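Protein chains in written order, with my numbering: chain A, 404 to 618; chain B, 12 to 486.
Ideal Cβ positions, reconstructed from N, Cα and C, are used throughout, including at glycine.
No experiment lies behind these values; they were computed from the predicted model shown.
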Ligand code: SF4
């Protein structure tokens, strides 16, 4: 996994609450058996005026002029500013894959759906929770200033504006550690293989009906 | 110390608690399907890893499979959409390569993962159950700790039989009193979501309790737990009682003989202690719940069938007004109109929420002796599994549907998320027994109204939503 330490980038808006995973990446794109290539179809139904299909040349499709990510001023953004309950809906990891493939490294919102939040960390994407009032301020600053950038320092757990204002955020210590160092969680867990085996032996003795049933 | 059901399930599966608050949790059952697994198998291959414990895994294709008999009968090779075909084929290939048991496309035990797990006894009380699908909470109806995971976690479970988890908070949703005739489990859970909102359960494991929940059949409890995620909670569950035990007994993978005796006595402990602490308690009365219909693009945008669609002009909060206006525009509805004036062009009876035998019986009872309204372009009935399909046909339900003008299909997810050929056309309204009414969920530009099977069936006949409590059954 790619490590996340400090990121400075252009900020783009997804200015509505309850953005669901179907909206982030519509289901027809879930048919891919790969992890990459979802970026051109991020927010597909909002971004284009016609219906997207896998394998279609997206550069030929009519863009929705009202969708912010299509505006010149947000091209190249790596920080997504969003509203409450971002990423609700399904467990599809294609949602963080699409955000990542598009070029986002970080999402800032007042709250997230649990599964999406969790999935982000496993893909080197940092979901930051800031107070709704602060997020509202950031939205206003972003709208008022073309080229608006933010810096995210994960080690220090702060979001920094170009004026130097800092806003602290919380992040779980284990997830932070993995993200900072780009660690593979499976490898880390397998270091505990003995503990897993010990547990498994005890559990098998206690609940033998759970084992060797499906063969 | 007094424990909740969730606390008990968590504690019994705790491999390692870490100082930073995270924990390693052991997984008893892992269900796989074709959409969220290919990249996980690929990851295993790339790292040169093998599954930790083969017999914990069970796979079946469900999201992409065609439900039309002609296309379905030819198996994987006959799937017309080449991308769907690759995905189903990839699952078959991966299961063979890694030696994982799979019920392939035309196996009679194939079906929606969340239907076949309980039906086969592959998911049992007291288990931890995961699947790369957010509706995994369904299995919590059996007193299991079940939740959806992402593809990285699918790979993690395959490789380690564990997940890294943070413990959630405990929420009790208690529904006491009695349900009015014609009000079902689906209406209960939609009312709960309407009450707490789609983010209300974020960070919580929800236990559903109270007289009404205890009075539901196991299938009804599955419907309720299925939609916990629509209230923001990854986990929904119901305590084990006599109904649970009776349901599990005799299922193909359920324990037998002495093992059964042992299992049953362990399962009898799977309930919250009477003085257990919940971080949040929500209470509803059964009598207050009417048949529900969603009008908007989020499951929390739900109303009793006798209600009227909200009028943005009457909403003072700007953010809320905005959300309502946006939803109404997408749904093509006028603020203030009666729910019963909404006319669907399609009807979908199916999905892991409502495709079990009791759901099909309820829908069949309503349509029996009637004909589908001329304004309905298509009405699909899609059983949740091959076994449900067999049972329904043995009871003659298929004939009742076909005579009334509904289509009887092969099992799968179908129009719940429209990854196969079953879709809404742009602008079409659908009375759907599924669980999500998000924009585009059932097809680009499609407009979903979530309802119970009986309500969907009644809408198919009447051509608009009606209060199923006033329906005249012709039996
Ligand atoms: S029926 Fe719908 S919600 Fe259930 S598993 Fe299939 S796609 Fe997901």
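Distance from the CA atom of residue 209/B to the CA atom of residue 268/B, rounded to whole angstroms, is 44 angstroms. The beta carbon of residue 565/A sits closer than 7 angstroms to the beta carbons of 552 from its chain, once the five residues preceding and following it are set aside; these are given in chain order. DSSP, read as helix, strand or coil, puts residue 158/B in strand.
In summary, residue 380/B is exposed, with fewer than 16 beta-carbon neighbours lying within 10 Å of its beta-carbon over all protein chains present.
Unbroken alpha helix (DSSP H) stretches of 4 residues or longer found wholly inside the region 411 to 491 of chain A: 424 to 427, 447 to 450, given in chain order.
Using a Cβ-Cβ cut-off of 8 angstroms, residue 66/B is close to 614, 615, 616, 617, 618 of chain A, given in chain order. Not flagged as an interface residue toward chain B: residue 410/A, since no C-beta distance is shorter than 8 angstroms. Around the beta carbon of residue 163/B, 16 or more other beta carbons lie within 10 angstroms, which makes this residue buried. Sequence-distant Cβ neighbours of residue 177/B in its own chain, meaning closer than 8 angstroms and more than five residues away, are 32, 33, 34. If you check the C-beta of residue 445/B against the ligand SF4, you find a heavy atom less than 7 angstroms away. Shortest Cα-Cα distance from residue 27/B to any of 612/A, 607/A, 549/A, 597/A involves 597/A. Judged by DSSP secondary structure, residue 453/B falls outside any alpha helix (DSSP H); it is assigned neither H nor E. Per DSSP, residue 562/A is one residue of the beta strand (DSSP E) stretching across 561 to 564. Chain A has a Cβ within less than 8 angstroms of the Cβ of residue 145/B. Counting only Cβ-Cβ distances below 9 angstroms, residue 573/A has no contacts in chain B at all, with the closest Cβ about 12 angstroms away. Burial is judged here by how many other beta carbons sit within 10 angstroms of a residue's own beta carbon; residue 212/B has at least 16 and is buried.
Following the DSSP letters along the chain, one finds residue 95/B inside the alpha helix (DSSP H) bounded by residues 93 to 109. Taking the CA atoms as reference points, residue 315/B sits about 5 angstroms from residue 301/B. Secondary structure of residue 213/B (DSSP, three-state): coil. Here residue 584/A carries a helix assignment [DSSP, helix/strand/coil]. Around the beta carbon of residue 308/B, 16 or more other beta carbons lie within 10 angstroms, which makes this residue buried.
For residue 468/A, no Cβ of chain B is located within less than 8 angstroms of the residue's own Cβ. Inclusion of residue 125/B in the 7 angstroms shell around the ligand SF4 follows from its C-beta lying nearer than that to a non-hydrogen atom of the ligand. One finds nothing in chain A with a Cβ atom closer than 8 angstroms to the Cβ of residue 424/B; even the nearest lies about 10 angstroms away. Cβ neighbours of residue 494/A within its own chain (closer than 7 angstroms, five residues either side excluded): 518.
Taking C-alpha positions only, residue 375/B is separated from residue 30/B by approximately 55 angstroms.
Contact with chain B is absent for residue 545/A, since none of that chain's Cβ atoms lies less than 8 angstroms from the residue's Cβ. For the pair residue 523/A and residue 510/A, the Cα-to-Cα distance works out to about 9 angstroms.
Residue 19/B: member of the alpha helix (DSSP H) spanning 16 to 23, first to last residue. Sequence-distant partners of residue 60/B (beyond 5 residues in either direction) whose C-beta falls short of 6 angstroms from its own C-beta, in its chain, are 170.
For residue 338/B, the enclosing alpha helix (DSSP H) has its first and last residue at 329 to 342. Residue side-chain check: residue 362/B places its Cβ nearer than 7 angstroms to a non-hydrogen atom of the ligand SF4. Residues of chain A whose Cβ lies closer than 7 angstroms to the Cβ of residue 120/B do not exist; the shortest such Cβ separation is about 11 angstroms. Straight-line measurement puts the Cα of residue 453/A at about 20 angstroms from the Cα of residue 426/B.
Of the heavy atoms belonging to the ligand SF4, none sits nearer than 7 angstroms to the Cβ of residue 20/B. Using a cutoff of 7 angstroms, the CB of residue 428/B counts as near the ligand SF4, since one of the ligand's heavy atoms is closer than that.
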